[in-house]
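Notes follow once the structure below has been shown.
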Amino acid sequence: MTRFAKRVLWLDSSAAAIAGLLMFALRDWLTVLYALPASLLLVMAIVNVCYAAYSGTLALRASRGARVMTRWISLLVVANAGWSVVCVGMAMRYRATATMFGLGQLLLEAAFVGALAWCEWRYVRPSM
Numbered sequence: 001m002t003r004f005a006k007r008v009l010w011l012d013s014s015a016a017a018i019a020g021l022l023m024f025a026l027r028d029w030l031t032v033l034y035a036l037p038a039s040l041l042l043v044m045a046i047v048n049v050c051y052a053a054y055s056g057t058l059a060l061r062a063s064r065g066a067r068v069m070t071r072w073i074s075l076l077v078v079a080n081a082g083w084s085v086v087c088v089g090m091a092m093r094y095r096a097t098a099t100m101f102g103l104g105q106l107l108l109e110a111a112f113v114g115a116l117a118w119c120e121w122r123y124v125r126p127s128m
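In the numbering used here, the protein residues as written are 1 to 128.
Laid out in structure tokens, this is it:
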């Protein structure tokens with residue numbers, strides 16, 4: 001696996017971990033700032049932390065020179081693409097009640113994980 005591909009995996013894992021942990025820590029404050037349900041932010045935090053664990057495992061394996069199977073990367077791509085769609089769906093669902101900060105967070109997360117899905121499909125998968 002190329003160095004660039006490994007870096008994409010580490011970026012993916014780090015971003016998900018940071019987002020998830022910050023949502024856990026700041027959930028009450030974000031609920032008010034975003035005007036989104038606390039339960040939704042809790043689910044998003046859990047998903048991000050679980051996702052960080054999975055992508056982090058792949059990044060660690062790749063960094064240690066262990067084989068990372070193509071289907072594991074494909075699952076990562078599908079998860080990112082799926083989460084991107086879910087974030088857009090949540091933005092549409094809460095567009096009438098969420099603040100601009102809340103909608104912005106959902107749409108920026110959708111764009112970010114969508115871009116990660118593309119990068120992982122384009123650069124990480126072929127380097128297997």
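By construction, the Cβ of each residue, glycine as well, lies at the ideal position given by its N, Cα and C atoms.
Approximately 17 Å separates the beta-carbon atoms of alanine 79 and tyrosine 123; this is outside 8 Å, ruling out the contact. Non-local beta-carbon contacts of leucine 42 in its own chain, meaning distances under 7 Å to residues more than five positions away in sequence, involve Arg27 in chain order. In the structure shown, the three-state DSSP call for proline 37 is coil. Here DSSP, grouped into helix, strand and coil, assigns threonine 99 to coil. For methionine 90, the uninterrupted alpha helix (DSSP H) segment begins and ends at 70-93.
Contact fails between the region 97-107 and the region 62-73, because fewer than three Cβ pairs, one in each stretch, are under 8 Å apart. Note that the C-beta distance between alanine 62 and alanine 117 is not below 9 Å.
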